[in-house]
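**Student:** Start counting at 1 in the sequence shown, then tack on 34, and there's your number in our numbering.
Even glycine gets a Cβ: it sits at the ideal position worked out from N, Cα and C.
Questions regarding the structure given below will be posed in turn.
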Amino acid sequence: MNKSNILDAILANISDGITLFDSDLKLLAVNARVHTLMEFSPDQVQIGDSIEVFFRVNAKRGEYGPGDPEEQIRERMEIARRFEPHDFERTRPDGTVIRIRGTPVPEGGFVTTYTDVTERKRAETALRDSEGRLRTIIDNYPWLLTLKDLEGRYLFVNEYFARSRNVSVEQAIGMSAAELETPEQAAIVDAHDREVIEKAEIVTYERNTIAQDGTRGMRSVMKFPAYDADGNMMGVGTISFDITERKRAEAALRESEERLGSMFENSPTAIMMKNLDGRYAYMNRHFRGGSVSLNRFPGFYKWISTSVMLQPGLAATL
C-alpha cells in the first residue's frame with residue numbers, strides 16, 4: 035500500500051472531519067466525515083473549491099445565525115486569509131455542537147478538524163445545572179459547611195458560612211480559621227482539625243461560640259476526613275449547626291421539671307401515681323407521711339406496690 039492509499043484509509047476511518055486548504059485557500063483534501071458532520075452533499079463541496087464555497091453554503095442555510103450572508107462570507111474570508119490558528123465551537127441550527135480547530139501548515143494553508151462534541155456539551159450542561167441546584171441548596175441551608183486542606187486553608191465554604199464571617203465565598207477561599215475566628219475559637223477549630231487528621235475518623239462535639247457582636251451561643255460540630263480520587267486524605271470537612279435555642283429549651287425544661295417536682299413533693303396534699311400493674315410510679319412527701327425521700331432510690335417506684343406500703347384494707351381502697 036503506497037502512502038497515498040494509507041492517507042486515504044486514515045482519512046476515511048477517523049471519527050473527526052478533516053479538510054486541508056492550500057495557501058490560495060483551495061481545498062486539497064476532505065474526508066467523508068466532513069460531509070456527514072456538516073451535511074455537505076458531494077456536489078456542494080469538491081476538491082479544488084475555494085473555502086468561500088464552504089462559507090457560502092453555511093451562510094445561506096443559516097449556520098452563522100441571523101445576518102446578511104454576503105457580509106458573513108466577507109468577514110470569514112478576511113479571517114481565513116490571516117492563516118491564524120483557531121479553535122472554537124459552533125452550534126448548528128439542529129443543535130449539534132461542532133468543535134472546529136484550524137492549524138496553519140508550513141507550506142501555506144491550514145488543516146482543519148471538525149469534531150462532534152454535542153454529547154459532551156450536553157453532559158457539561160447537565161453537570162453545571164446539577165451543580166447549580168446543589169450549590170443553591172448548600173448555600174441556603176442554615177448549616178455551616180466547609181472543606182479545608184491539610185494546612186487548614188479553606189477550599190470550599192457555603193454562603194451561610196461566608197455571611198456568618200462577614201466575607202464573600204470568594205474571599206474565604208484560601209483563608210484559615212485564624213483569619214476568620216477569634217484567637218480562642220481558632221485554636222479550638224485547629225485542635226479538632228488535627229484530631230481528625232491524626233485519627234482519620236469522624237469527630238463530633240459541641241462548642242460554645244462568641245459572635246463578632248459578643249453574642250454567645252452553642253453549635254454542634256461534625257468534622258470528617260476528606261479523600262481524593264486515589265484514596266489519600268486531602269483535607270477536613272466540617273458540618274456545623276446552631277443548637278443555642280435547643281440548649282436553652284432543654285435548660286428551661288429542666289428548670290420547669292424541677293419546679294414542678296418541688297411543688298408536688300412539698301404539696302400539703304397527698305399525691306401519687308401508679309402504673310397499669312399497680313406499682314407506684316410517683317408519691318410525694320405528704321403521701322409517704324414525711325418518710326425519707328424515695329427519690330433517693332432510683333427505680334424503687336417500679337417494684338413497690340400498695341400492699342407493701344399500706345395495710346391491706348386501706349390498700350384495697352386505692
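Express the C-alpha separation of residue 274 and residue 184 in angstroms, rounding to a whole number.
**Tutor:** Counting from 1 along the sequence shown, the entry for residue 184 is found at position 150. Counting from 1 along the sequence shown, the entry for residue 274 is found at position 240. Those two C-alpha atoms are separated by around 19 Å.
**Student:** Using only the alpha-carbon positions, how far apart do residue 265 and residue 251 sit?
**Tutor:** For the purposes of this step, residue 265 is taken as the residue at position 231 of the sequence shown. For the purposes of this step, residue 251 is taken as the residue at position 217 of the sequence shown. In a straight line, the C-alpha of residue 265 is about 37 Å away from that of residue 251.
**Student:** Could you tell me the alpha carbon to alpha carbon distance between residue 215 and residue 233, rounded to whole angstroms?
**Tutor:** Here residue 215 refers to the residue found at position 181 when the sequence shown is read from its first residue. Here residue 233 refers to the residue found at position 199 when the sequence shown is read from its first residue. Roughly 24 Å separates the two Cα atoms.
**Student:** Between residue 62 and residue 54, is the Cβ-Cβ spacing less than 8 Å?
**Tutor:** Stepping through the sequence shown from its first residue, residue 62 is reached at position 28. Stepping through the sequence shown from its first residue, residue 54 is reached at position 20. Yes, the pair counts as a contact, with Cβ atoms nearer than the cut-off.
**Student:** Within the same chain, show all residues whose beta-carbon is closer than 7 Å to that of residue 331, passing over the 5 residues directly before and after it, in chain order.
**Tutor:** As a working note, residue 331 is residue 297 in the sequence shown. At residue 331 the pLDDT is 42, less than 50, meaning the model places this residue with poor confidence; the figure from the coordinates comes in the next sentence. Cβ within range, chain order: n/a, list empty.
**Student:** Against chain D, with Cβ distances strictly below 8 Å, would residue 277 count as a contact?
**Tutor:** No chain D appears in the structure shown, which is made up of a single protein chain.
**Student:** If I follow the unbroken beta strand (DSSP E) through residue 60, where does it start and stop?
**Tutor:** In the sequence shown, the residue the question calls residue 60 occupies position 26. Counting along the chain, residue 60 falls outside any beta strand (DSSP E), and DSSP gives it neither H nor E.
**Student:** Got a sec, what are the start and stop residues for the beta strand (DSSP E) residue 242 sits in?
**Tutor:** Your numbering for residue 242 matches position 208 in the sequence shown. Counting along the chain, the beta strand (DSSP E) containing residue 242 begins and ends at 237-244.
**Student:** Do the region 144-152 and the region 167-174 meet, that is, are 3 or more Cβ pairs less than 8 Å apart?
**Tutor:** The region 144-152 vs the region 167-174: no contact.
**Student:** So residue 227 packs on residue 191, CB below 8 Å; how close in whole Å?
**Tutor:** What you label residue 227 is simply residue 193 of the sequence shown in a count that begins at 1. What you label residue 191 is simply residue 157 of the sequence shown in a count that begins at 1. With 8 Å as the limit, residue 227 and residue 191 do not qualify as a contact, their Cβ atoms being about 14 Å apart.
**Student:** Over what stretch of residues does the beta strand (DSSP E) that includes residue 111 continue unbroken?
**Tutor:** Indexing the sequence shown from 1 puts residue 111 at position 77. Careful: residue 111 lies outside any beta strand (DSSP E), inside the alpha helix (DSSP H) at 103-114.
**Student:** DSSP puts residue 259 in a beta bridge; with which residues?
**Tutor:** Walking along the sequence shown from the start, residue 259 turns up at place 225. Partner(s): 270.
**Student:** Can you tell me the Cα-Cα spacing of residue 50 and residue 229, whole angstroms?
**Tutor:** If you number the sequence shown from 1, residue 50 lands on position 16. If you number the sequence shown from 1, residue 229 lands on position 195. Their backbone Cα atoms lie some 53 Å apart in a straight line.
**Student:** Does residue 74 come out as helix, strand or coil in the three-state DSSP assignment?
**Tutor:** Looking up residue 74 in the sequence shown gives position 40. Of the three classes helix, strand and coil, the one that applies to residue 74 here is coil, per DSSP.
**Student:** Can you find the residues in the same chain that come closer than 8 Å, C-beta to C-beta, to residue 326, ignoring five residues on each side of it along the sequence?
**Tutor:** As a working note, residue 326 is residue 292 in the sequence shown. Residue placement at residue 326 cannot be trusted, given a pLDDT of 46 that sits under 50; the coordinates are not used to answer.
**Student:** Taking all protein chains shown into account, do 16 or more other C-beta atoms lie within 10 angstroms of the C-beta of residue 143, making it buried, or fewer, making it exposed?
**Tutor:** Taking the sequence shown and counting its residues from 1, one reaches residue 143 at position 109. By the neighbour-count rule (16 or more Cβ atoms within 10 Å), residue 143 is buried.
**Student:** Cα separation between residue 287 and residue 322?
**Tutor:** Within the sequence shown, numbered from 1, the residue matching residue 287 stands at position 253. Within the sequence shown, numbered from 1, the residue matching residue 322 stands at position 288. Approximately 27 Å, taken between the alpha carbons.
**Student:** Using a threshold of 8 Å, state whether the C-beta atoms of residue 145 and residue 52 are closer than that.
**Tutor:** Here residue 145 refers to the residue found at position 111 of the sequence shown. Here residue 52 refers to the residue found at position 18 of the sequence shown. Yes, they are a contact pair.
**Student:** Relative to the alpha-carbon of residue 237, which residue among 244, 157, 255 has its alpha-carbon at the smallest distance?
**Tutor:** In the sequence shown, the residue the question calls residue 237 occupies position 203. Comparing Cα-Cα distances from residue 237 to each of 244, 157, 255, the minimum goes to 255.
**Student:** On the premise that residue 276 lies in contact with residue 268, defined as a C-beta separation below 8 Å, what is that separation, rounded to the nearest angstrom?
**Tutor:** Taking the sequence shown and counting its residues from 1, the one referred to as residue 268 is at position 234. Taking the sequence shown and counting its residues from 1, the one referred to as residue 276 is at position 242. With 8 Å as the limit, residue 268 and residue 276 do not qualify as a contact, their Cβ atoms being about 28 Å apart.
**Student:** To the nearest angstrom, how far is it from the Cα of residue 340 to the Cα of residue 320?
**Tutor:** Position 306 of the sequence shown, counted from the first residue, corresponds to residue 340. Position 286 of the sequence shown, counted from the first residue, corresponds to residue 320. The pLDDT assigned to residue 340 is 45, lower than 50, so where the model puts this residue is not dependable; a value taken from the coordinates is nonetheless given after this. Taking the straight line joining both Cα atoms gives about 15 Å.
**Student:** By Cβ distance below 7 Å, which residues in the same chain neighbour residue 56 in space, the five residues on each side in sequence not counted?
**Tutor:** Residue 56 sits at position 22 when you count from the first residue of the sequence shown. The residues are 62, 142, 143.
**Student:** Quick one: is residue 239 buried, meaning 16 or more other Cβ sit within 10 Å of its Cβ, or exposed?
**Tutor:** As a first step, residue 239 is located in the sequence shown; it is residue number 205 there, counting from the start. With fewer than 16 Cβ atoms within 10 Å of its Cβ, residue 239 is classed as exposed.
**Student:** Counting C-beta neighbours from all protein chains within 10 Å, is the total for residue 48 16 or more, i.e. buried, or is it exposed?
**Tutor:** On the sequence shown, position 14 is the one that residue 48 refers to. When all chains shown are included, residue 48 counts as exposed.
**Student:** Take residue 305 and list the residues in its own chain whose beta-carbon comes closer than 8 Å to its own, dropping the five residues that flank it on each side.
**Tutor:** For the purposes of this step, residue 305 is taken as the residue at position 271 of the sequence shown. The residues are 298, 316, 317, 318, 320, 321.
**Student:** According to the neighbour-count rule (16 or more other Cβ atoms, all chains shown, within 10 Å of its Cβ), is residue 178 buried or exposed?
**Tutor:** Position 144 of the sequence shown, counted from the start, is the residue given in the question as residue 178. It counts as buried.
**Student:** Which same chain residues, not among the five before or five after residue 94, have their C-beta less than 8 Å away from its C-beta?
**Tutor:** The count along the sequence shown starts at 1 and reaches residue 94 at position 60. Excluding residues within five positions, the ones whose Cβ falls inside 8 Å are 103.
**Student:** Leaving out the 5 sequence neighbours to the left and right, which residues in its chain are closer than 8 Å to residue 197 when beta-carbon positions are compared?
**Tutor:** Taking the first residue of the sequence shown as position 1, residue 197 is located at position 163. No residues qualify anywhere along the chain.
**Student:** What residue does the alpha helix (DSSP H) around residue 295 start on, and which one ends it?
**Tutor:** Sequence index remark: in the sequence shown, residue 295 carries index 261 (1-based). Counting along the chain, the alpha helix (DSSP H) containing residue 295 begins and ends at 278-299.
**Student:** Helix, strand or coil: which one does DSSP assign to residue 304?
**Tutor:** Walking along the sequence shown from the start, residue 304 turns up at place 270. Three-state DSSP puts residue 304 in coil, outside helix and strand.
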